[in-house]
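Note that my numbering has the sequence shown beginning at 3, numbered continuously upward. One structure is given below, encoded as structure tokens.
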Amino acid sequence: MTGQKEKILAISGSTRKNSSNFKILKFISENINKEFEVELFEELESLPHFNPDLDTEHPPEAVVKFRSKIAEAAGVLICTPEYVFSLPGSLKNALEWCVSTTVFSNKKVGLITASASGEKGHEQLGLIMKTIEAKFTDETQLLIQGIRGKLNAEGTITDEKTLHAILAFITNFEKEIGEVKLK
Ligand SMILES: Cc1cc2nc3c(=O)[nH]c(=O)nc-3n(C[C@H](O)[C@H](O)[C@H](O)COP(=O)(O)O)c2cc1C
Numbered sequence: 003m004t005g006q007k008e009k010i011l012a013i014s015g016s017t018r019k020n021s022s023n024f025k026i027l028k029f030i031s032e033n034i035n036k037e038f039e040v041e042l043f044e045e046l047e048s049l050p051h052f053n054p055d056l057d058t059e060h061p062p063e064a065v066v067k068f069r070s071k072i073a074e075a076a077g078v079l080i081c082t083p084e085y086v087f088s089l090p091g092s093l094k095n096a097l098e099w100c101v102s103t104t105v106f107s108n109k110k111v112g113l114i115t116a117s118a119s120g121e122k123g124h125e126q127l128g129l130i131m132k133t134i135e136a137k138f139t140d141e142t143q144l145l146i147q148g149i150r151g152k153l154n155a156e157g158t159i160t161d162e163k164t165l166h167a168i169l170a171f172i173t174n175f176e177k178e179i180g181e182v183k184l185k
């Protein structure tokens, strides 16, 4: 193995300051194998509203930066709540900026929906990611329901079943990314 760490881009679908989804990503970044370097992407709000007229050869600078972070990453983690039975608008907007590109084609992704309920949102996330040709398996996706009762204010996962599910998710995701490295 070379000294170069594999990059993982972690995107929280919630831009809320005290977000449970952000805390989960932080937990993953602290517990994933140290051969990976996780960047917690906190600029979802800096992306302009998607507009096909702006999706030209020279898209807005924030979009260029976002796309190149995805392109350079060995894998992308998305952890999101469900908003009104769908994806939060900011996350959907960011993904719309990727439709005309191939940045997600064959990209290994881990998908977590952590929400009050989240079933519909999780389904939609899977459909969108499949559409933009990202790669994930049943083992690299996770639906966590009743999330607010499973974390404390410090971001500690207090529910044992959820903790085990997230740790298993991390192992599975590492394995998937590891396969990218072997190629
Ligand atoms: C605008 C809005 C819409 C929501 N709609 C849903 C929903 O359809 N389904 C659901 O499970 N939770 C819904 N919730 C509750 C979120 O799941 C809950 O607030 C969650 O903790 C948000 O994630 P966060 O802690 O990372 O911000 C909604 C919350 C907001 C603010």
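The beta carbon of each residue, even a glycine, is placed where N, CA and C say it ideally should be.
For Asn23, the shortest C-beta to heavy atom distance toward ligand 1 is below 7 Å. Assignment of Val101 by DSSP, reduced to helix, strand and coil, places it in the coil class. Minimum Cα-Cα distance from Glu37 among the listed residues Lys132, Gly77 and Ile13 corresponds to Gly77. Restricted to the segment 49-116, the beta strand (DSSP E) segments that are unbroken, complete and at least 3 residues in length are 77-82, listed in chain order.
Of the candidates Lys94, Ser102 and Gly157, Lys94 places its Cα closest to the Cα of Leu129. Annotated three-state conformation of Glu135 is coil, per DSSP.
Per DSSP, the beta-bridge partners of Ala12 are Leu42 and Leu79. A check of alpha carbon separations from Lys163 across Gly148, Asp55 and Glu84 identifies Gly148 as the nearest.
Distances from the CB of Gly77 to the heavy atoms of ligand 1 are all 7 Å or more.
Beta-bridge pairing by DSSP links Leu129 to no other residue. Just measuring C-alpha positions, the residue of Glu135, Glu181, Trp99 and Ile30 sitting nearest Thr58 is Trp99. For Ile30, the enclosing alpha helix (DSSP H) stretches over residues Ser22 to Asn33. Between the segment 149-156 and the segment 166-181, the count of Cβ pairs shorter than 8 Å is below three; the stretches do not touch. For Phe43, the CB stays at least 7 Å from every heavy atom of ligand 1.
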